[in-house]
Amino acid sequence: MDNFYKKLNEECGVRFPYPNEQDWEWCAGDYIYTNDYIEFYKFYATVIDDWQKHLLINMIVQGIEDFMEQSEYEGYIDMLWSKVKEILIGDNHRDTIVYWSCIGQELEACWLISSKMRELL
0 MDNFYKKLNE ECGVRFPYPN EQDWEWCAGD YIYTNDYIEF YKFYATVIDD
50 WQKHLLINMI VQGIEDFMEQ SEYEGYIDML WSKVKEILIG DNHRDTIVYW
100 SCIGQELEAC WLISSKMREL L
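Counting along the sequence shown from 1, when you hit position 52 you're at 51 in numbering that gives the first Met the number 0, and nothing is skipped either side.
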């Protein structure tokens, strides 16, 4: 999609990447809007390219990770996870699953979402 960043900004309020910015996908989103990012992904899945999908799925996973840091959102996290799990498996995001699984590390030293990701391996 040629206007990916513009669409994401207009429809979900995600800021544009800074010139030469690294890690935009982990920093630009606001976890409160994670469900909006999921819906954006699903709506545009047939027109966004693989790199855009990679950026967006990592923004989504980071949002769930941020929600998991807030214990009062457990039911909402489960709902988000059920949607994201389908995307991760159905759209071949194995690299994302492996990265967030933190393979070879004790779970205590990993992200909160790592245990959920490991279930997908």
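Quick reminder that beta carbons are idealized off the backbone N, C-alpha and C, glycines included.
L55 is the residue among E64, E105, L55 and W110 whose C-alpha sits nearest the C-alpha of E38. Around the beta carbon of V60, 16 or more other beta carbons lie within 10 angstroms, which makes this residue buried. Excluding the 5 residues flanking it on each side, H92 has same chain C-beta neighbours closer than 8 Å at K52, H53, I56 and I86, in chain order. For P16, the closest of C26, E10 and E9 by C-alpha to C-alpha distance is C26. The beta carbon of Y36 lies closer than 7 Å to those of C11, G28, L55, M58, I59 and G62 in the same chain, with the five residues before and after it left out.
Residues E64, M67 and E68 of the same chain have their beta carbon placed closer than 8 Å to that of L111, with the five preceding and five following residues left out of the count. Secondary structure note for Q51: its alpha helix (DSSP H) is the uninterrupted segment D49 to M67. Residues S113, M116, R117 and L120 of the same chain have their beta carbon placed closer than 7 Å to that of S100, with the five preceding and five following residues left out of the count. Contact annotation, L79 with N34: C-beta distance approximately 6 Å; criterion of less than 8 Å satisfied. Straight-line spacing of the CA atoms in G89 and E24 works out to 21 Å.
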